[in-house]
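Chains as they are written, first to last, in the numbering used here: chain D, 2 to 275; chain W, 989 to 1390; chain B, 50 to 357.
No residue lacks a Cβ here, since even glycine has one placed at the ideal position from N, Cα and C.
Data first, discussion second: the structure below is written as structure tokens.
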Amino acid sequence: MTRGPTWFNITSLVLGFSFLYLPIVLLVIYSFNESRLVTVWGGFSTKWYASLLQNEQLLDAAWVTLRVAFASATIATVLGTLAALILVRSGRFMGRSLFSGMIFAPLVMPEVILGLSLLLLFVAMGTARGFWTVMLAHTTFAMCYVAVVVQSRLVGFDKSIEEAAEDLGCPPVKTFFLITLPIILPGVIAGWMLAFTLSLDDLVIASFTTGPGATTLPMKIYSQVRLGVTPEINAVCTILVGLVTICVIAASLVTKRQQVQRERDERAAFGADG
Amino acid sequence: MAPGGSILSSRFWVGAVLAKKSIGPVRREFVPWENSDHPPFIEFRGVTKKFGEFVAVRNLSLKIYEKEFFALLGGSGCGKTTLMRMLAGFETPTSGQIFLDGQDLAGIPPYRRPSNMMFQSYALFPHMNVEKNIAFGLKQDSMPAREIEARVSEMLRLTKLEQFAQRKPHQLSGGQRQRVALARSLAKRPKVLLLDEPLGALDRKLREETQFELMNLQEELEMTFLIVTHDQEEAMTVADRIAVMDKGELVQVATPAEIYEAPNSKFVADFIGDVNLIEAKVTGKSDAGTRLVSVVDGFVIDSDQETEAGLGETVWYAIRPEKVRIAQGRREEGQVNQIDGLVWDIAYLGDVSCIHSKVGEDDHDTIRATFANISRMVENPITWDDEVVLSFNRDAGVILKG
Amino acid sequence: MSEQIATPAKRTIGGKLLIAMPYLWLLVFFLAPFLIVFKISLSQIAVSIPPYTPAIDLAEGWQGLVEAFREFSFENYIWLTEDALYWKSYVSSVVIAAISTLFTLLIGYPIAYGMARSPQAWRPTLLMLVILPFWTSFLIRVYAWIGILKNEGLLNQFLMMLGLIDEPLVILNTNIAVYIGIVYSYLPFLVLPLYASLERLDGSLLEAAEDLGCPPWKAFWKITVPLSLPGVIAGCFLVFIPAVGEFVIPDLLGGSNTLMIGKTLWVEFFNNRDWPVSSAVAVILLMILVIPIVLFQNQQQKMSEKEG
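Structure below.
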């Protein structure tokens, strides 16, 4: 659509985005509240951030979460990229619809079901629950998100680029690493980031599949939230929100700059014929 | 031809090629296909390719000779691209064999075949600069770095890309990308260069220039070129021989002049250039030629051609518009190869004019005649609704079976 | 032409293994667990480890399996129909999810429409603003509403300051808070596909409609809305399906009367430690959701076929 926005459009955008952002903004503001009563402003203070650093349980949980997120995002990226390649590239094969069903179902499946079923699997296998089981569980649902992200990148991929590489004497596996992977890399990186944050955020699946000694940050936050709102939790949340925001904005600025550069180059090249 | 000189200077070559056209259809004494003992360089032997139920190529046999510039010509879906992709190794024939320089290509993957391909989309590696794109194939052969460097700079010079060596594909114009693709596929000195609609993305003027560059490169490098195209003008410009394809089969394989002047079927006559097709009955056959009577209007055609069709059979007489003369008046009684017409439509095309004349009751029964506009701004005496007479020589057309 | 029909290249054994990896992974960690859930839903609760019987012990071989199968029963499922708690939870989950989806659509459509109508230069920024909350923690976003909706929370403070109300409104721990939580959390899921279909809409269609004498508001109903329907449907499914099984939102924002099946399952599992019954709850939930999931998949497939 090319027509300009009306006042109605602008109003709905302003109201809509206020609705989306106001709660987070308030949460951030009140994390700097001096008062322990979260909803009464008692002056500016960073003491809750300082007390965070003393809270070893919370820091432990954060460390576990980061490790789980890093490991599961990495494995999920490998598996998800492979899955995307299979979905886009392989013609028909046995159980193709089952495969694509298994890729897409976890995207909409309630987390309680995923969590419960994975727990029962680990119990049936007799696996000791803890870091590894959470990691495996997160890998499983994150790989589906990665597959979808990478797939969208692969759909627009000109297959003759790979054929050109093979035509010039490059065997298929080498072609994948020299040609395909570098081209779809932005999608793969985006997939990794998504998998990482999904793992970072997850409460339900982790609660089901975890064991002693592997309490993740969301689980820690959840158990404290059930006891009531505290400025300390506000502070943790602010840090998490800040980190994610910085990463996402940085990533989008980099892509934006590349795009602008690219458009400028293309304009410069245009008209060089003749 | 001075090596390294202005082989890509199109103006010079436009002149040269125009000269070539004026002296005849063969640009040099190169007619290996007329010698049945001459070994073919590329040979398709009974090749069939099916995609599920769809037959893309049907039991096709074809011989292409070394140093030939060969064109596969046909509409979309005729199987020409599939045929080329089987030679490159991207498709496996359902049955039949393909030989290149005496070697059976069955089971050899694309990356071990001594052919290189220039893709329709160019398929340049977007994350590599021009130099790296050109060097890619050489690196796969583990060529020493110094030799790669030398070969790359030679290719850059040959395609006039020296100043763009460090640019990425998206920083190039369409014409420059096309040159990179060409340089990249030529860098390995393949036994045969495959060109898949190589000029489709270029505008008309650039395309014509590039066609001549391709011909010169081919002659200079003494390589075998196989081009796939749907553009008959392009095929006729560049190729020594053309194979016209339809529905997965070869319809005619011949030089451009033969294809144009002596098409072997209604399909080829209609596909290549503009043609008048007149439905007629055979009324007389002799050593000197054939006599036909048109189904519409009943005029008599006397042709020097022979036909397999028997007396009374219906055939098609195909005659190119430029071989039809047009004048005001009526035909003389008892004369052959003359048709009465009524001017129906006149198209002024700049270089030529085309007149459609109605020769029958039906609006579709028209015959086109074209003539060069040899003088400027001369009011053409022939105008709408004029009674005209259309005439042609007895060697002007060909007789084709339905 | 041949380009559209891919011929699978001859795969080496290594290549086949590579392809098999994600497949096997999903079979083991996604499909097999469901079969186990189903199996356990047919078992009985027991004070043991694991807390159900019969436990299949593969060491006992075929005989053991047959023994175990004999002990299977549908008792848990019968229990689900007998205890009103469960079927009420299912019904109220579906109702809450449906109402929330409707509100999400009512709020999301003007946002997506406004984005699609905004100048080209703003769109990437607006798009990022919609996606950004999706990247921040779900738990945190739900938690943020507690401070707002509490009796002494920011919303009540604000309304009382304006003098609109004298008594604080009780919102937290009611179904209203759950609606707000779902709408807020799932809004990006609806806006994104809707925006995608609205943005593709050719502006000249509206101009053509107006040129033919259709006033703008009517053109909106006759042209824009029908053409954005695929986006509306996709967005609604993306909100509805996960909302039915939601746990965090009803647990944190809802009250003791808020019945949602995700919460019921959680309580059954973690508090009552009744694994067989919670498995049966999960199986039924899955069966309820299979219909919309399949519908959604079909719709997506149709859309991609249309574009392809």
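Proximal residues of chain D, C-beta to C-beta of residue i below 7 Å
i	result
tryptophan 194 (chain B)	Pro24
glycine 1125 (chain W)	Leu169 and Gly170
aspartate 1129 (chain W)	Gly170
With 16 other Cβ atoms within 10 Å as the buried cut-off, status of residue i
i	result
alanine 292 (chain B)	buried
leucine 228 (chain D)	exposed
glutamate 1349 (chain W)	exposed
leucine 237 (chain B)	Per the sequence shown, the amino acid found at residue 237 (chain B) is proline instead of leucine. Classification for proline 237 (chain B): buried.
isoleucine 220 (chain B)	buried
glutamate 317 (chain B)	buried
leucine 1187 (chain W)	buried
tryptophan 1372 (chain W)	exposed
glutamate 267 (chain D)	exposed
alanine 170 (chain B)	exposed
methionine 220 (chain D)	buried
leucine 73 (chain B)	exposed
arginine 1397 (chain W)	Nothing can be reported for residue 1397 (chain W): it is not among the residues displayed for chain W, which extend from 989 to 1390.
Where residue i falls: helix, strand or coil (DSSP)
i	result
serine 1253 (chain W)	coil
histidine 1115 (chain W)	coil
valine 1324 (chain W)	coil
lysine 1148 (chain W)	coil
isoleucine 68 (chain B)	helix
leucine 228 (chain D)	coil
aspartate 260 (chain B)	helix
alanine 278 (chain D)	For chain D, the structure presents residues 2 to 275; residue 278 (chain D) sits outside this window and is missing.
glutamine 349 (chain B)	helix
histidine 1026 (chain W)	coil
glycine 1277 (chain W)	strand
glycine 1084 (chain W)	strand
serine 1282 (chain W)	strand
Proximity below 9 Å, CB of residue i to CB of residue j
i	j	result
isoleucine 1387 (chain W)	serine 1291 (chain W)	yes
glycine 81 (chain D)	methionine 136 (chain D)	no
valine 1045 (chain W)	glycine 1236 (chain W)	yes
proline 1028 (chain W)	lysine 1055 (chain W)	no
threonine 1354 (chain W)	serine 1341 (chain W)	no
arginine 1385 (chain W)	lysine 1311 (chain W)	Residue 1385 (chain W) is actually glycine in this sequence, not arginine. A contact, by the Cβ cut-off of 9 Å.
alanine 77 (chain D)	threonine 141 (chain D)	yes
leucine 1061 (chain W)	phenylalanine 1213 (chain W)	no
leucine 53 (chain D)	glutamate 233 (chain D)	yes
valine 1168 (chain W)	asparagine 1204 (chain W)	no
valine 281 (chain B)	serine 234 (chain B)	no
leucine 154 (chain B)	valine 288 (chain B)	yes
alanine 1227 (chain W)	alanine 1076 (chain W)	no
leucine 86 (chain D)	leucine 155 (chain D)	yes
glutamine 1164 (chain W)	leucine 1149 (chain W)	yes
leucine 188 (chain B)	isoleucine 197 (chain B)	no
serine 167 (chain B)	isoleucine 231 (chain B)	no
valine 1303 (chain W)	valine 1270 (chain W)	yes
Partner residues on chain B for residue i, Cβ-Cβ distance less than 7 Å
i	result
phenylalanine 105 (chain D)	Gln346
Chain-ordered neighbours of residue i on chain D, where CB pairs are closer than 8 Å
i	result
valine 293 (chain B)	Pro111
Cross-chain neighbours of residue i in chain B, by beta carbon under 8 Å
i	result
leucine 121 (chain D)	Pro82, Ile85, Val86, Ile89, Trp324 and Ser328
threonine 181 (chain D)	Result: empty, since nearest Cβ-Cβ is about 13 Å, beyond 8 Å.
isoleucine 222 (chain D)	Leu188, Ile189 and Tyr192
Closer than 8 Å at the beta carbon, the chain W residues around residue i
i	result
aspartate 266 (chain D)	Lys1156, His1158 and Gln1159
serine 161 (chain D)	Phe1107, Gln1108, Ser1109 and Ala1111
Contacts that residue i makes with chain D (C-beta to C-beta distance below 9 Å)
i	result
serine 167 (chain B)	Gly5, Pro6, Asn10, Ile11 and Leu14
histidine 1115 (chain W)	Ile180, Pro183, Ile184 and Leu186
Any non-hydrogen atom of the ligand GDP within 8 Å of residue i CB
i	result
proline 1097 (chain W)	With respect to the ligand GDP, the structure shown offers nothing to examine, as it has no ligands at all.
Chain B residues whose Cβ lies nearer than 9 Å to that of residue i
i	result
aspartate 202 (chain D)	Trp184, Thr185, Ser186, Phe187, Leu188 and Ile189
Residues, ordered as in the chain, of the stretch 174-194 of chain B that lie near chain D by beta-carbon distance below 8 Å
Within the stretch 174-194 of chain B, the residues whose Cβ lies closer than 8 Å to any Cβ of chain D are, in chain order, Leu175, Met177, Leu178, Val179, Ile180, Leu181, Pro182, Trp184, Thr185, Ser186, Phe187, Leu188, Ile189, Arg190, Tyr192, Ala193 and Trp194.
For the stretch 124-153 of chain B, list every residue whose C-beta sits within 9 Å of some C-beta in chain D, in sequence order.
Residues: none.
With 9 Å as the limit, tell me which residues of the stretch 1060-1087 of chain W have their beta carbon closer than that to any beta carbon of chain D; keep them in chain order.
Cβ contacts with chain D come from Arg1073, Ala1076, Gly1077 and Phe1078.
Positions along the stretch 1179-1190 of chain W whose CB lies within less than 7 Å of some CB in chain D:
Those would be none; no residue qualifies.
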